[in-house]
Amino acid sequence: MDLSVIIPIYNEEKNIPALYERLRGVLVSMALRSYELVFVNDGSADQSLALIQDLAAQDSRVRYIDFSRNFGHQIAVSAGLDLSRGTAVVIIDADLQDPPELIPALYARLHEGYEVVYARRRTRQGESAIKKFTAKVFYRLLARITSVNIPLDTGDFRIVSRKVVDALRQMPEQNKFIRGQISWIGYRQTYVEYERAERAGGETGYTYRKMLRLALDGITGFSDVPLKAASVSGFLVSGVAFLVMLYTLYARFITRDYQPGWASLMVSILFLGGVQLIAVGIIGEYLARLLANVRQRPLYIISDTNITDAPALPRPTGVPTGTAS
Ligand code: UDP
Ligand code: MG
152 MDLSVIIPIY NEEKNIPALY ERLRGVLVSM ALRSYELVFV NDGSADQSLA LIQDLAAQDS
212 RVRYIDFSRN FGHQIAVSAG LDLSRGTAVV IIDADLQDPP ELIPALYARL HEGYEVVYAR
272 RRTRQGESAI KKFTAKVFYR LLARITSVNI PLDTGDFRIV SRKVVDALRQ MPEQNKFIRG
332 QISWIGYRQT YVEYERAERA GGETGYTYRK MLRLALDGIT GFSDVPLKAA SVSGFLVSGV
392 AFLVMLYTLY ARFITRDYQP GWASLMVSIL FLGGVQLIAV GIIGEYLARL LANVRQRPLY
452 IISDTNITDA PALPRPTGVP TGTAS
């Protein structure tokens, strides 16, 4: 199998027919020996699943995975990675914001000796100013506080080699931030630039709530800086509070020049309370993710699929052959 294309689907009935036609056109023109389209239906409430099943009935290269509910985009992509078999794997959005016509360029670049070729958006059309602004700020913040080099302005649209897929499949974290994990894995990576189009039909499945969760997964998965900032701010604030305490004692007992002091009391109580709550909240974010991983639940539940020959989990990389028992 030369190429697998993974397509997460959440309420994309308006886009699936055009997506399939464009993907098929591009893949046929690439003259591959074999390829597969892996549609992952992430609990859509519309006709998406029926459309995909129709395609699968006509075209044996269409594979589908149907989740038991909405698990989220990153988990849908993870399931696709788990069940795909291609020596190269493309991850692409279903809404045609990522042009299928870029796939040959990604594929060609991969064969120049890279393990990852990501598609970097030069422009993004048809998205709200708030979304563009928050995305921009997020990627820059993330770049500052993480030790892995996560490329700026890049989503999950990319091609990766089987080596990278095998490495991803061994990363057991529940809170997936796939673009960060791929950077963490390393190997030779490069990019191709493209203009990001408008969503072809339907509405975005990424609510602000889901975007915030993805952002927090990215930060907590790849940086301890917020935890450290919480303790540093704790020390700073206690230092200042200690000085103020000395001054209070001095004013009360030495100069005996003191006021009823309502304002200063309020300010310090509110300030200390705020810092404490923020610190506790940051710890809570990490703790919740720790708990999710300790629970060891499966990442997703499949209710139906036509994939019968899923690849077995690879031997852990980093463990030399012969020493693993
Ligand atoms: N998606 C998904 N599960 C979700 C939300 C989105 O599988 O809970 C899919 C969606 O069908 C699309 C891709 O993830 O193929 C990107 O989503 P979307 O276009 O809504 O995000 P945006 O481009 O607005 O960030
Ligand atoms: Mg989109």
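Positions 152 to 476 (this note's numbering) are the ones given, in order, by the sequence shown. From the three backbone atoms N, C-alpha and C, an ideal C-beta is built for every residue, glycine too.
ALA475 to ALA256 span [Cα, whole Å]
Model confidence at ALA475 stands at a pLDDT of 46, short of 50, so the residue's coordinates are unreliable and nothing is read from them.
So is the beta-carbon of ASP368 under 8 Å away from any non-hydrogen atom of the ligand UDP?
No, since every heavy atom of the ligand UDP falls outside the 8 Å radius drawn around the Cβ of ASP368.
Grab me the residues of PHE289's own chain with a C-beta within less than 8 Å of its C-beta, minus the 5 sequence neighbours each way, in chain order.
Cβ neighbours of PHE289 beyond the five flanking positions: ALA366, GLY369.
Under 6 Å Cβ to Cβ from ARG350, same chain only, skipping five residues before and after it: list those, please.
Result list for ARG350: ASP246, GLN248, in chain order.
List the endpoints of the continuous beta strand (DSSP E) containing VAL241.
Element bounds for VAL241: 239-242.
So is ARG272 buried or exposed if we call it buried at 16+ other beta carbons inside 10 Å?
It counts as buried.
Tell me, to the nearest whole angstrom, how far the beta carbon of ARG212 is from that of LEU188; I am working on the premise that it is less than 8 Å.
Right, the Cβ-Cβ distance comes to about 6 Å (below 8 Å), so this counts as a contact.
Write down the C-beta distance between PRO168 and VAL191 rounded to the nearest angstrom, noting that I regard them as a contact closer than 8 Å.
The pair is not a contact, with the Cβ atoms about 18 Å apart (cut-off 8 Å).
Kindly indicate which residue of ALA430, VAL431, THR399, LEU428 has the alpha-carbon position closest to the one of LEU416.
Considering only alpha carbons, the answer is THR399.
Alpha-carbon to alpha-carbon, GLN204 and PRO462:
In a straight line, the C-alpha of PRO462 is about 22 Å away from that of GLN204.
Using only the alpha-carbon positions, how far apart do VAL376 and LEU442 sit?
Taking the straight line joining both Cα atoms gives about 20 Å.
Using the beta carbon as the reference atom, which residues fall closer than 6 Å to any heavy atom of the ligand MG, ordered along the chain?
With the cut-off at 6 Å, the residues found are ASP244, ASP246, GLN248, ARG350, THR355.
Rounded to whole angstroms, how far is the Cβ of ILE296 from the Cβ of ARG330, which I believe are closer than 8 Å?
That belief does not hold up - the Cβ atoms of ILE296 and ARG330 are roughly 16 Å apart, past 8 Å.
Sort out for me which residues DSSP pairs ILE160 with in a bridge.
Bridge partners of ILE160: ASN192.
Below 7 Å CB to CB, which residues in the same chain sit around GLU344 once its five sequence neighbours on both sides are set aside?
Within the same chain, Cβ atoms closer than 7 Å to the Cβ of GLU344 are found at ARG271, ARG273, the five residues on either side in sequence being excluded.
Work out the CA separation of MET362 and PHE422 for me, nearest whole Å.
Spanning the two alpha carbons is a distance of roughly 29 Å.
Name the DSSP beta bridge partners of ARG272, please?
DSSP, once it has assigned bridges, lists TYR345 as partnering ARG272.
ASP307 (DSSP reduced to helix, strand or coil):
The answer is strand: DSSP assigns ASP307 an E or B state.
Short check: CB of PHE308 to CB of ILE452, under 9 Å?
Not in contact: PHE308 and ILE452 (Cβ atoms no closer than 9 Å).
Using 8 Å as the Cβ pair cut-off and three pairs as the minimum, do the region 320-327 and the region 402-413 touch?
Between the region 320-327 and the region 402-413 there are fewer than three inter-stretch CB-CB distances shorter than 8 Å, so the stretches are not counted as touching.
Between the Cα of LEU303 and the Cα atoms of GLY435, LEU464, ARG291, which residue gives the shortest distance?
In this structure, ARG291 is the residue among GLY435, LEU464, ARG291 with its C-alpha nearest to the C-alpha of LEU303.
In whole angstroms, what separates the C-alpha of LEU232 from that of HIS262?
Distance between the alpha carbons of LEU232 and HIS262: 20 Å.
Proximity test, GLY223 beta-carbon vs the ligand UDP heavy atom, cut-off 8 Å
Yes - the ligand UDP has a heavy atom lying nearer than 8 Å to the Cβ of GLY223.
Between ILE158 and the ligand UDP, is there a pair consisting of the residue's CB and a ligand heavy atom that are separated by less than 8 Å?
True, at least one ligand heavy atom lies under 8 Å from that Cβ.
Around the Cβ of ALA239, are there at least 16 other Cβ atoms within 10 angstroms (buried) or fewer (exposed)?
Under this definition ALA239 is a buried residue.
Go through its chain and collect everything with a Cβ distance to LEU477's Cβ below 6 Å, but skip five positions before and after it.
Residue coverage of the chain in this structure runs from 152 to 476, which leaves residue 477 outside it and unanswerable.
CA-CA distance, ILE336 and LEU319?
So the alpha carbons of these two residues sit roughly 8 Å apart.
Rounded to whole angstroms, what is the Cα-Cα separation between TYR357 and PHE393?
So the two alpha carbons sit approximately 46 Å from each other.
Short Cβ contact (9 Å threshold) for GLY223 with ARG448
ARG448 is positioned such that its CB atom lies no closer than 9 Å to that of GLY223.
Burial state of THR459 (16 or more Cβ within 10 Å):
Answer is exposed; the Cβ neighbour count stays below 16.
For LEU438, which residues in the same chain have their Cβ closer than 8 Å to its Cβ, ignoring the five residues on either side in sequence?
So the list is empty, once near-sequence residues are dropped.
Looking at TYR171 and SER195, is the spacing between their C-beta atoms short of 9 Å?
No, Cβ-Cβ distance for SER195 and TYR171 is not below 9 Å.
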